[in-house]
Structure formats: structure tokens, C-alpha cells
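Numbering (mature numbering (1 follows the signal peptide of the UniProt record, and there is no 0)), first residue to last: -17 to -1, 1 to 268.
For every residue, glycine included, the Cβ atom is placed at its ideal position computed from N, Cα and C.
Notes follow the structure.
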């Protein structure tokens, strides 16, 4: 009986243990009037996913790739979570580790949550992108090869930034705001909300694709029924604007799988995406 209790105790202890995540090489505040604190985010772990439930001090986390060549590409990551939480490890740190493993620097942006504050999140994204571009030389990044990658709500934010970069939605603060916040390429993984509520076959009014919109790589599954139109709409709009787009449509996988392995073919998207990023950035040289 003692062995049963011991096994149960160990099981509960392991279940309650915090999930270890990689530490960034550098952290920066997005807004100078909201400096970072030692512990400024609320986190909960549920179903083996770290969810940040409150961000009122948006942050930039830089993860340097040890495999990167000089002047390497970088990807800015927007985790998803319905604009109410951030799936920090599933759609953040695990993605940064993968990018680093293929020679690409990574940046995670902790944007404002909760409360579905989409306008503020776009301001966070615009400001963060300018800061990353201002740090390009210091961080060994090619300033003309900085892309954006978003999941779910973060995919909406990535599309929003990719189509709303011409003018900052806030009063400029410093030299970082003088730099372009246009991503050089866009990756959307099961993106959300790129549709109108009364007609999901129409793109959301804030997403206005033009010939200057960055090229995109998009991943979607058909059984993600509630949100599948987002990927279709964005791909169609890019096609109509004659912008390069690559849509990978899979039958099964659902929503919120990140890049964790499964029996579904969609779990191979990182390999396809990595090849697309390398091909796209080589064409931009």
C-alpha cells in the first residue's frame, strides 16, 4: 500500500511541477512608460500548456540562434489565445527553439491580454517590430529579412500588422518608430478572425491586402471548422493582389496544436515552413 501512495505522490508532484521553458537572451519593454518587472505576468499551466493570463507590460524576448550565419533572418512570434491569454510555450518558446535550430533568430512578443484588446495589441506589434528592426545590427539580424509568425489570434495579429504598417496607430516615441514595421514575410498557422461575423467568406474589414502586402505561408486544417475561412480569405486576397502565397490545407488536426508531434500529417508543417522561409529570404537577398 505504501508503494501505491508513493507512486500517487510522485505522480501528483510531477503533474504540479512547473514546465521549464528556455530563457531569452535579452528582454525589452515595448513601452518605455511600462518597464518590465521581475515578475509582471500571470501564468497558469493547464493541459501541459503555459498560459499567460495577464500582460499589462508588453515585452520583447530575443532568442539568439547559435546556428545562425552573420546577418541572418529573424522571425517575430505572436502566440495565440483568443486575445485573452497567450499560449506561451506551445505557440511561443517551442517555436523559438525550433527556429533557432534551423539558424533563424526568434523574438517572442508578449502583447496585451486579456480583454480582446485588438487595437492595443496592434499598437504593441507595430512598436515591437520597430524595436526589433532597430536592434538588427546588435543582434546579428538582416533588417530586410524579419518576418512575423502568428498562431490563431496571433495569426490575426500577424495579418493585421502585415496589412497595417504604413502608419503607426500611436504617437511616435523614439527612433525605433521611424523604422518600417512592415514584416518581410508572414507565416499564419491556423489563423483566427480574418472574416466578418455576418459573412465568414468576407475578410475582416481591418485586413486590407494590397500588392505591397508581404508574401505568406499559411497552414490550416479542414476540421478547424469555426475558423477555417480565415485562411481561405487571406489566401484569396493575396492571390487577387498578385502576392506570393503558399497555403497548406490538411484534412485533420483541429486547432491549437502548435508544432507538437501527432499522427496527423499537419504536424509536418515546420519542415515545410522552414524550407519556405529559407527560399523566401534567399530571394530577398
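Use the C-beta contact count for residue i: other C-beta atoms within 10 angstroms, 16 or more gives buried, fewer gives exposed.
i: residue 220; result: buried
i: residue 48; result: buried
i: residue 191; result: exposed
i: residue 256; result: buried
i: residue 245; result: exposed
i: residue 265; result: exposed
i: residue 73; result: buried
i: residue -12; result: In this predicted model, residue -12 has a pLDDT of only 40, less than 50, meaning its place in the structure is not dependable; the value taken from the coordinates is given anyway. Residue -12 comes out exposed.
i: residue 165; result: buried
i: residue 268; result: exposed
i: residue -16; result: Bear in mind that the predicted position of residue -16 carries a pLDDT of just 46, short of 50, making it unreliable; the figure below should be weighed with that in mind. Counting Cβ neighbours within 10 Å, residue -16 comes out exposed, since fewer than 16 surround it.
i: residue 213; result: buried
i: residue 84; result: exposed
i: residue 129; result: buried
i: residue 27; result: exposed
i: residue 277; result: Limits of the chain in this structure are -17 at one end and 268 at the other, which puts residue 277 out of reach.
i: residue 29; result: exposed
i: residue 149; result: exposed
i: residue 53; result: exposed
i: residue 16; result: exposed
Please name the residue or residues paired with residue i in a DSSP beta bridge.
i: residue 93; result: 42
i: residue 37; result: 25
i: residue 284; result: Nothing about residue 284 can be reported from this structure: the residues present for the chain run from -17 to 268 only.
i: residue 231; result: 202
i: residue 10; result: 44
i: residue 70; result: 34
i: residue 124; result: 55
When you compare the CB positions of residue i and residue j, do they come within less than 8 Å of one another, or not?
i: residue 259; j: residue 215; result: no
i: residue 43; j: residue 20; result: no
i: residue 111; j: residue 86; result: no
i: residue 79; j: residue 124; result: no
i: residue 270; j: residue 159; result: Absent from the structure is residue 270, since the part of the chain shown begins at -17 and ends at 268.
i: residue 211; j: residue 233; result: no
i: residue 59; j: residue 92; result: yes
i: residue 228; j: residue 194; result: no
i: residue 136; j: residue 241; result: no
i: residue 100; j: residue 66; result: yes
Starting from the C-beta of residue i, find all residues in its chain whose C-beta is less than 6 Å away, skip the five residues before and the five after it, and write them out in chain order.
i: residue 76; result: 4, 5
i: residue 9; result: 45
i: residue 243; result: none
i: residue 230; result: 201, 218
Less than 7 Å between C-beta atoms, sequence neighbours within five positions excluded: which residues of the same chain meet that for residue i?
i: residue 187; result: 176, 177, 178, 179
i: residue 263; result: 168, 198
i: residue 51; result: 86, 87, 88, 123
i: residue 143; result: 105, 189, 190
i: residue 117; result: 158, 159, 162
By Cβ distance, which residues of its chain are closer than 8 Å to residue i, with the 5 residues on each side in sequence left out?
i: residue 207; result: 173, 236, 237, 238
i: residue 68; result: 34, 35, 36, 96, 97
i: residue 102; result: 152
i: residue 205; result: 211, 232, 233, 234, 235
i: residue 114; result: 11, 13, 43, 159
Considering only residues of the stretch 164 to 210, which uninterrupted beta strand (DSSP E) runs meet the minimum length of 3 residues and lie entirely inside it, listed in chain order? 169 to 172, 199 to 204
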